[in-house]
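Numbering (the numbering used here), first residue to last: 8 to 180. This report refers to the structure that appears directly beneath it.
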Amino acid sequence: MPNIGVFHPQIVHFVIGLLYVGIAARVLSLLPLPERFRFLSPMATTLLILGALASVAAVQSGMNAHGPVERIPGAREIVGEHEEWGERTRNVFVGIAVLEIAALLFASRRKLAQGLRVVTAVGCLVGLWLVFEVGDLGGDIVYEQAGGPGIRSGKPEDIKNLLVAGLYNNARL
């Protein structure tokens, strides 16, 4: 598989967007809303499946990108924790995607399909917390450990920019 580590920031932001909107759509689709909101259930299914697929790519890109970030003094532990939460999140949403597909397959059995969607919604609420936690840890890596800016490319001028930014902000303190 190709190294997609450089795309990790873009991929994870797609995951967050797809899953947050998909979760909201799934929960809203279970409410007794007017007929014009019937689009919410197929929308939720589509977004949750796409989000699950994107989460697989996010975990792979994170594995490809973690080497240089782990070498930052003090960052190894938080990077490992972020990876574990990312894998948990991926696993939950792959399971949710399987339930969504099962609900599609059993669409002719309305009660069963609706029951699967309710189970999916409950799983989505757990998944919502997971997405928030993994994203928060990723933000800590970038903004507290400087795990993104300047080191991804490995170019000396980018690393110099990171050093200059750090020295500037330290001097302001």
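Glycine included, every Cβ here is placed at the ideal spot set by N, Cα and C.
Cβ separation of residue i and residue j, assumed to be a contact under 8 angstroms, to the nearest whole Å
| i | j | result |
| --- | --- | --- |
| leucine 169 | isoleucine 158 | 7 angstroms |
| alanine 65 | valine 22 | 5 angstroms |
| isoleucine 11 | isoleucine 85 | At roughly 22 angstroms, the Cβ-Cβ gap does not stay under 8 angstroms, so isoleucine 11 and isoleucine 85 are not in contact. |
| alanine 110 | arginine 124 | 5 angstroms |
| alanine 128 | leucine 37 | 6 angstroms |
| alanine 51 | glycine 154 | Not quite, the Cβ-Cβ distance comes to about 33 angstroms (not below 8 angstroms), so this is no contact. |
| valine 126 | leucine 106 | 6 angstroms |
Alpha carbon of residue i to alpha carbon of residue j, nearest angstrom
| i | j | result |
| --- | --- | --- |
| glycine 102 | proline 80 | 36 angstroms |
| proline 182 | leucine 57 | Nothing can be reported for residue 182: it is not among the residues displayed for the chain, which extend from 8 to 180. |
| histidine 20 | serine 62 | 10 angstroms |
| glycine 145 | glutamate 91 | 12 angstroms |
| serine 48 | threonine 96 | 22 angstroms |
| glycine 142 | isoleucine 108 | 26 angstroms |
| asparagine 98 | leucine 180 | 43 angstroms |
| leucine 60 | asparagine 177 | 41 angstroms |
| arginine 43 | proline 16 | 36 angstroms |
| lysine 167 | valine 76 | 16 angstroms |
| proline 39 | threonine 53 | 21 angstroms |
| glycine 87 | arginine 116 | 43 angstroms |
| valine 13 | proline 41 | 44 angstroms |
| histidine 89 | phenylalanine 46 | 34 angstroms |
| tyrosine 150 | phenylalanine 100 | 26 angstroms |
| glycine 130 | valine 171 | 45 angstroms |
Three-state secondary structure assigned by DSSP to residue i
| i | result |
| --- | --- |
| phenylalanine 44 | helix |
| glycine 155 | coil |
| serine 115 | coil |
| alanine 65 | helix |
| glycine 81 | coil |
| asparagine 10 | coil |
| glycine 161 | coil |
| leucine 137 | helix |
| proline 75 | helix |
| proline 16 | helix |
| proline 39 | coil |
| leucine 180 | coil |
Closer than 9 angstroms to chain C by CB, residue i
| i | result |
| --- | --- |
| valine 19 | Protein chains in the displayed structure number just one, and chain C is not present. |
- Does the region 130-141 touch the region 24-39, meaning 3 or more C-beta pairs lie closer than 8 angstroms? Three or more Cβ pairs drawn from the region 24-39 and the region 130-141 lie within less than 8 angstroms of each other, which places the two stretches in contact.
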